[in-house]
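S.K.: Per our numbering, the sequence shown starts with residue 94, numbered consecutively. From the three backbone atoms N, C-alpha and C, an ideal C-beta is built for every residue, glycine too. Predicted, not measured: the structure shown is a model, and the values here were computed from it.
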Amino acid sequence: MRIGLLGFGTVGQGVYNLTKPREDMEVAWVLCRRELALPDARVTHDFLDILGDASVDTVVEAIGGLHPAREYVMAAMQAGKNVVTANKAMMAEFYDELLPLAQEKGVLLRCTASVGGGIGWLSELERVRRIETVRHVGGIMNGTCNYILDSMTRLGLGYQEALANAQALGYAEADPSTDVDGFDTRHKLVVSANIAFGVSLDFSAVPAAGIRYISDTDVAEFKKHGLVCKLVSCANAYEDGYEAYVEPTLYPITALEAAVPTNYNLITLEGSTSGRQSFYGQGAGRYPTAYNVVQDCMDFIRGRGFYCAYGPKTPVRNDRKKCYYIRTAHPDGWLEGHTAGHWGEAVITEQVAVAEAHDWLQNHPGTFLCALPDGKEGIETC
Numbered sequence: 094m095r096i097g098l099l100g101f102g103t104v105g106q107g108v109y110n111l112t113k114p115r116e117d118m119e120v121a122w123v124l125c126r127r128e129l130a131l132p133d134a135r136v137t138h139d140f141l142d143i144l145g146d147a148s149v150d151t152v153v154e155a156i157g158g159l160h161p162a163r164e165y166v167m168a169a170m171q172a173g174k175n176v177v178t179a180n181k182a183m184m185a186e187f188y189d190e191l192l193p194l195a196q197e198k199g200v201l202l203r204c205t206a207s208v209g210g211g212i213g214w215l216s217e218l219e220r221v222r223r224i225e226t227v228r229h230v231g232g233i234m235n236g237t238c239n240y241i242l243d244s245m246t247r248l249g250l251g252y253q254e255a256l257a258n259a260q261a262l263g264y265a266e267a268d269p270s271t272d273v274d275g276f277d278t279r280h281k282l283v284v285s286a287n288i289a290f291g292v293s294l295d296f297s298a299v300p301a302a303g304i305r306y307i308s309d310t311d312v313a314e315f316k317k318h319g320l321v322c323k324l325v326s327c328a329n330a331y332e333d334g335y336e337a338y339v340e341p342t343l344y345p346i347t348a349l350e351a352a353v354p355t356n357y358n359l360i361t362l363e364g365s366t367s368g369r370q371s372f373y374g375q376g377a378g379r380y381p382t383a384y385n386v387v388q389d390c391m392d393f394i395r396g397r398g399f400y401c402a403y404g405p406k407t408p409v410r411n412d413r414k415k416c417y418y419i420r421t422a423h424p425d426g427w428l429e430g431h432t433a434g435h436w437g438e439a440v441i442t443e444q445v446a447v448a449e450a451h452d453w454l455q456n457h458p459g460t461f462l463c464a465l466p467d468g469k470e471g472i473e474t475c
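#1: Could you give the residue range of the beta strand (DSSP E) that holds Ser371?
#2: Please state whether DSSP places Asn239 in a helix, a strand or coil.
#3: Judging by CA-CA distance, which residue of Gly145, Gly100, Leu320 is the nearest neighbour of Ala172?
#4: Among residues of its own chain, excluding the 5 on either side of Gly471, which ones have a beta-carbon nearer than 6 Å to its beta-carbon?
#5: Please report the distance separating the alpha-carbon of Leu454 from that of Ala328.
#6: Going by DSSP in three states, Pro341 sits in which element: helix, strand or coil?
#7: At a cut of 8 Å, does the region 240–259 reach the region 274–293 through at least three beta carbon pairs?
#8: Distance check for Leu349 and Glu217, CA to CA, integer angstroms please.
#9: Compare the C-alpha of Arg369 against each of Glu225, Lys198, Leu462, Phe461 and name the closest.
#10: I need the boundaries of the beta strand (DSSP E) containing Phe483, first residue and last residue.
#11: Starting from Tyr109, trace the alpha helix (DSSP H) in both directions and tell me its first and last residue.
#12: The alpha helix (DSSP H) with Ala433 in it runs from where to where?
#13: Using the Cβ count rule (16 or more neighbours within 10 Å means buried), how would you classify Gly213?
#14: Does the region 359–368 come into contact with the region 176–195, if we say contact requires no fewer than three beta-carbon pairs (one atom in each stretch) closer than 8 Å?
#15: Under the assumption that Tyr252 contacts Asn356 (Cβ atoms under 8 Å), give the Cβ distance between them as a whole number of angstroms.
#16: Looking only at C-alpha atoms, which of Cys416, Ala383, Leu201, Asp189 sits nearest to Lys174?
#17: Apply the 10 Å Cβ neighbour rule to Met183 and answer buried if 16 or more other Cβ atoms are within range, or exposed otherwise.
#18: Using the DSSP secondary-structure output, state which residues sit across from Ser326 in a beta bridge.
#19: Within 10 Å of its beta-carbon, does Lys281 have 16 or more other beta-carbons around it, so buried, or fewer, so exposed?
#20: Grab the span of the alpha helix (DSSP H) containing Val273 for me, first residue to last.
#21: Quick one: which unbroken beta strand (DSSP E) runs of 3-plus residues sit fully inside the region 129–189? Chain order, please.
#22: In the DSSP assignment, find the beta strand (DSSP E) that holds Leu201 and state where it starts and stops.
#23: State the start and end residues of the unbroken beta strand (DSSP E) segment that holds Tyr357.
#24: Terminal residues of the continuous alpha helix (DSSP H) containing Leu215?
#25: Using CA atoms only, rank isn't needed, just tell me which of Arg220, Leu159, Cys238, Asn287 is closest to Val299.
#26: Helix, strand or coil for Thr421? Go by DSSP, reduced to three states.
#27: For the ligand COA, is there any heavy atom lying closer than 6 Å to the beta carbon of Glu429?
#28: Check the DSSP bridge columns for Leu124 and list the partner residues they point to.
#29: By Cβ distance, which residues of its chain are closer than 6 Å to Ala289, with the 5 residues on each side in sequence left out?
#30: Rounded to whole angstroms, what is the Cα-Cα separation between Leu98 and Gln375?
#31: Considering only the alpha carbon of each residue, which of Phe461, Trp436, Tyr403, Asn411 lies closest to Glu197?
#32: Taking 7 Å as the threshold (C-beta atoms), are Ile419 and Gly209 in contact?
#33: Taking Ser308 as the reference, give the member of Gly107, Ala450, Cys322 with the closest Cα.
#34: So what does DSSP say about Thr407, is it helix, strand or coil?
#35: Output the distance between the C-alpha atoms of Pro405 and Tyr165, rounded to the nearest integer angstrom.
#36: Leaving aside the five residues before and after Ala206 along the sequence, list all residues of the same chain whose C-beta is less than 6 Å from its C-beta, in chain order.
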């Protein structure tokens, strides 16, 4: 296998280092913006050099973002090259373009490292789907947010201090919006759900609430009630439709999710035969992520392409009802009409539909919203 490697950042360097001692694959080209000299690979600033080399059979996309990643990947498949990517944003938002094109051109496409870093989550979904129906996927999918929330809960840090530490450690970008606003988790959820359920969920209909506005007073209030806040994703398949959303959620301190530390992930599936299975590990990092990129390359050598066939475009409904913790400086008639009680300065709502709560949140910037645990046990105001 001769690889054209797009990008030589954290993941790209990891892929290069892992393939270097192997005899069954080699990095022939590296696309890199900066000046770079490598002893055994040609370096270029022009993607067309890689595209025009007929000896390159596989393109590994490790530049991230939507553009020009999408254009490079589409062009590679048009040219008959297989593609491995760690890019969850591209896979989620252009799922309806990428999978049909791969099938049309007869090329292989995999993206295991796009969700769960080194966990191998998508490969496990592929295995599960062979013999049973997957009914649920979700969990803690963003290491940056988990690090911030864990630091606030366990170490008593404020949000800004926890975020600064995450940035210093390389867990968070200088602009952390994609992580803390829940968008990264939404991308990972949509890719996971599409593969698990064999459909193409309407990405625009999947709401995401993040942790940007959580405060130390919120965390203290949760502790008083024996609860821990985590940013989680949830997608369910029912006989009559699908739901999918991302939101901060409270768990009893004894729950498995509550114990997930620092930048770790805990992703769960429920199958019709095997029941509930959870997968735990680091969701990011050079070698954990690069490991699954190289595993995908190994799968190509064995002729294994995408995890499932392209499924039909499918609407999302989020009519499940929950109680929410809402702290806002701008209460209105809707919130007053759905108030069941108060925790400190925050409102605890009566049960409202997930879609209704998220629609309200969109019109109230600066608000922190968090779902209470399912059921009423221990929640005296709901």
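M.R.: Let me spell this out:
#1: Numbered from its first residue, the sequence shown carries residue 371 at position 278. Here the beta strand (DSSP E) through Ser371 covers 368–375.
#2: Here residue 239 refers to the residue found at position 146 of the sequence shown. Helix, per DSSP.
#3: Stepping through the sequence shown from its first residue, residue 172 is reached at position 79. When each option's Cα is compared against that of Ala172, the closest is Gly145.
#4: Residue numbering aside, residue 471 sits at position 378 when the sequence shown is read from its first letter. Residue placement at Gly471 is poorly supported in this model, since its pLDDT is 41, which falls under 50; the coordinates are not used for a value here.
#5: Residue mapping note: residue 454 aligns to position 361 of the sequence shown, counting from 1. Residue mapping note: residue 328 aligns to position 235 of the sequence shown, counting from 1. Roughly 20 Å between the two C-alpha positions.
#6: For the purposes of this step, residue 341 is identified with residue 248 of the sequence shown, where counting begins at 1. Three-state result, Pro341: strand.
#7: no
#8: As a working mapping, residue 217 is identified with position 124 in the sequence shown. As a working mapping, residue 349 is identified with position 256 in the sequence shown. For Glu217 and Leu349, the distance between alpha carbons rounds to 20 Å.
#9: As a working mapping, residue 369 is identified with position 276 in the sequence shown. Comparing Cα positions, the closest option is Glu225.
#10: No information on residue 483 is available, as it lies outside the stretch 94 to 475 that the chain covers here.
#11: Translated into the one-based positions of the sequence shown, residue 109 becomes position 16. Unbroken alpha helix (DSSP H) run through Tyr109: 103–112.
#12: Reading the sequence shown from its first residue, position 340 is the one you call residue 433. Premise fails: Ala433 lies in the beta strand (DSSP E), 432–436, not in any alpha helix (DSSP H).
#13: Here residue 213 refers to the residue found at position 120 when the sequence shown is read from its first residue. With 16 or more Cβ atoms within 10 Å of its Cβ, Gly213 is classed as buried.
#14: In short, these stretches do not touch, since the Cβ pair count stays below three.
#15: Counting from one through the sequence shown, the residue named residue 252 turns up at place 159. Counting from one through the sequence shown, the residue named residue 356 turns up at place 263. Not really, about 16 Å apart at Cβ, beyond 8 Å.
#16: Your numbering for residue 174 matches position 81 in the sequence shown. Ranking the options by Cα distance to Lys174, first place goes to Leu201.
#17: Locating residue 183 in the sequence shown gives position 90, where the first residue counts as 1. Classification for Met183: buried.
#18: In the sequence shown, the residue the question calls residue 326 occupies position 233. Looking at the DSSP assignment, Ser326 forms a beta bridge with Gly232, Val339.
#19: Taking the first residue of the sequence shown as position 1, residue 281 is located at position 188. By the 10 Å Cβ count, Lys281 comes out buried.
#20: Position 180 of the sequence shown, counting from 1, holds the residue named residue 273. Here the alpha helix (DSSP H) through Val273 covers 270–273.
#21: 135–137, 151–154, 175–178
#22: Position 108 of the sequence shown, counted from the start, is the residue given in the question as residue 201. Unbroken run through Leu201: none, as it is neither H nor E.
#23: Reading the sequence shown from its first residue, position 264 is the one you call residue 357. Run containing Tyr357: 357–364, per the beta strand (DSSP E) assignment.
#24: Against the sequence shown, residue 215 aligns to sequence position 122. First-last of the alpha helix (DSSP H) with Leu215: 214–222.
#25: Taking the first residue of the sequence shown as position 1, residue 299 is located at position 206. Of the candidates Arg220, Leu159, Cys238, Asn287, the one whose C-alpha sits nearest the C-alpha of Val299 is Asn287.
#26: Counting from 1 along the sequence shown, the entry for residue 421 is found at position 328. Reduced to three states, the DSSP call for Thr421 is coil.
#27: This structure lacks the ligand COA, and indeed carries no ligand of any kind.
#28: In the sequence shown, counting from the first residue as 1, residue 124 sits at position 31. According to DSSP, Leu124 bridges with Leu99, Thr137.
#29: Looking up residue 289 in the sequence shown gives position 196. Same-chain partners within the cutoff: Leu218, Val227, Val230.
#30: On the sequence shown, residue 98 is found 5 positions in, with the first residue counted as 1. On the sequence shown, residue 375 is found 282 positions in, with the first residue counted as 1. Their backbone Cα atoms lie some 23 Å apart in a straight line.
#31: For the purposes of this step, residue 197 is taken as the residue at position 104 of the sequence shown. Of Phe461, Trp436, Tyr403, Asn411, the residue nearest in Cα terms is Tyr403.
#32: By 1-based counting over the sequence shown, the position of residue 209 is 116. By 1-based counting over the sequence shown, the position of residue 419 is 326. No, they are not a contact pair.
#33: As a working mapping, residue 308 is identified with position 215 in the sequence shown. When only C-alpha atoms are compared, the closest one is Cys322.
#34: As a first step, residue 407 is located in the sequence shown; it is residue number 314 there, counting from the start. Reduced to three states, the DSSP call for Thr407 is strand.
#35: As a working note, residue 405 is residue 312 in the sequence shown. As a working note, residue 165 is residue 72 in the sequence shown. In this model, Pro405 and Tyr165 are separated by some 25 Å (Cα to Cα).
#36: Numbered from its first residue, the sequence shown carries residue 206 at position 113. Excluding residues within five positions, the ones whose Cβ falls inside 6 Å are Ala179, Thr382, Asn385, Val386.
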